[in-house]
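Scroll down for the structure; my scribbles are underneath it.
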Amino acid sequence: MSRKRQRWQRIGVVAKVASREAVHTAHELAEWLRRRGLEAVLDEATLRARGMTGEPPFRPEEPYDLVIALGGDGTLLATARHLAPGTPIMGVNLGNLGFLTEVGRGGLYPALVQVLAGNFATEERSLLDVELRRSGGGVLSFKVLNDAVVTKSALARIIELTLQVDGHLIARYRSDGVIISTPTGSTAYNLSAGGPIVHPLLPVIVLTPICPHTLSLRPIVVPDSGSIEVTLETQREEVYLTCDGQEGTSLGHRDTVRVTRSSAVVRLVKVLTPSFYDNLRAKLRWGGLESRPPDETT
14 MSRKRQRWQR IGVVAKVASR EAVHTAHELA EWLRRRGLEA VLDEATLRAR
64 GMTGEPPFRP EEPYDLVIAL GGDGTLLATA RHLAPGTPIM GVNLGNLGFL
114 TEVGRGGLYP ALVQVLAGNF ATEERSLLDV ELRRSGGGVL SFKVLNDAVV
164 TKSALARIIE LTLQVDGHLI ARYRSDGVII STPTGSTAYN LSAGGPIVHP
214 LLPVIVLTPI CPHTLSLRPI VVPDSGSIEV TLETQREEVY LTCDGQEGTS
264 LGHRDTVRVT RSSAVVRLVK VLTPSFYDNL RAKLRWGGLE SRPPDETT
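Heads up: the sequence shown runs through residues 14 to 311, numbered per the working numbering.
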């Protein structure tokens, strides 16, 4: 983590447009920031939801001193991976679980008072660069903060994949697919598929097969310094590459997904004191002392 004083001027506000609460909170927050002499820029969908189409919208590639994502982990994921390098982002949880969005609605303004006073830290989370190399030529590129998933469609049969790490064959196996996860994403789809929970600051990538036909095939954790390649060996089945559950495309026979650690990072703003382990106990309901959700008004 890093902690430093910040001179605030321009703040981006992004809301989950499908949530009336998030859109209302975004406009309320923008007014709160403007009353403090700050420039608040709302995303285009939020402006449109309130009929404010003449106002310049938030554009993630532009420079901001801070970006606030209102909604849930999905809203933060969709915003964070497209931000200009070095832009800090603060997630506000208006949903359910919220591993990435640590501040709740009730704690939004007390947390922002702390942030604007410089009482916060930033935590760098790794991103993955994902390249889809078509067997017939052509490349598509994505970035992910949680995971890249190769999986069959609901009606497709089991598929066959070849998995390599740094050119070394790990396995050629039949399954429903494979999850390639960052440490941040280890508590997402990876966890549901039986993969390990990994501390978010470790320099690793988690490879988790989805319902493998060979029961001895288990999740594996590898250094993030190398490259991972997954090649689809199956013909005439519907198979998809999905990135952070939000972007993606279909795969064809002998298409290869290549994954490496990105040179870019996501800088999460951290205000609350609970550790990663405190959050695991509270959000996964493991029990034990102080297993209640963190106090969002701290």
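Backbone N, C-alpha and C define an ideal beta-carbon position, used for all residues, glycine too.
With respect to the 8 angstroms criterion, GLU41 and LEU168 are not classified as neighbours on the basis of their beta carbons. Counting of Cβ neighbours within 10 angstroms places ASP179 among the exposed residues, the total staying below 16.
Relative to ARG118, the option among ASP257, ARG47, MET103, ARG147 whose CA is nearest is MET103.
Using a 10 angstroms sphere on the CB of ASN132, the tally of other CB atoms stays under 16, which defines it as exposed.
Under the DSSP assignment, THR38 falls in the alpha helix (DSSP H) whose first and last residues are 33 to 47. Pairing ASP189 with LYS165 gives a Cβ-Cβ distance under 8 angstroms. Taking C-beta separations shorter than 7 angstroms and ignoring five residues to either side along the sequence, the partners of VAL30 in its chain run VAL36, ALA58, THR59, ALA62, following chain order. Between SER194 and GLY207, the C-beta spacing is not below 8 angstroms. Our two residues, ILE192 and ALA295, have alpha carbons roughly 25 angstroms apart in a direct line.
Around the C-beta of SER199, 16 or more other C-beta atoms lie within 10 Å, and the residue is accordingly described as buried. In this structure, the beta-carbon distance from GLU246 to THR269 does not fall below 8 angstroms. One thing to note: ILE172 has its Cβ no nearer than 8 angstroms to the Cβ of ARG185. For LYS296, the secondary structure class from DSSP, reduced to helix, strand or coil, is helix.
Beta-bridge analysis with DSSP links CYS256 to ALA161, GLU260. In the three-state scheme derived from DSSP, where H, G and I count as helix and E and B as strand, PRO101 is classed as strand. Contact between the region 46 to 56 and the region 65 to 80 is present: three or more C-beta pairs spanning the two stretches fall below 8 angstroms. It is roughly 46 angstroms from the alpha-carbon of GLY64 to the alpha-carbon of GLY300. If the five residues before and after ARG231 are omitted, its C-beta is found closer than 6 angstroms to no C-beta atom of its own chain. Put simply, of LEU285, ARG298, VAL278, GLN127 the residue whose alpha carbon is nearest the alpha carbon of THR114 is LEU285.
With respect to the 8 angstroms criterion, LEU107 and GLY84 are classified as neighbours on the basis of their beta carbons. Nearest Cα to VAL211 within the set ILE223, LEU153, SER139: SER139.
In the DSSP assignment, the residues bridged to GLU137 are ARG280.
Each of ASN109, ARG280, VAL152 was checked against the Cα of LEU96, and the nearest Cα belongs to ARG280. For TYR186, the enclosing beta strand (DSSP E) starts and ends at 181 to 188.
Nearest to CYS256 by alpha-carbon distance, out of LEU145, VAL26, LEU79, GLY111, is LEU145. Under the DSSP assignment, PRO123 falls in the alpha helix (DSSP H) whose first and last residues are 121 to 129.
Non-local beta-carbon contacts of THR227 in its own chain, meaning distances under 7 angstroms to residues more than five positions away in sequence, involve TYR186 in chain order. Per DSSP, the beta bridge partners of GLU173 are ARG187.
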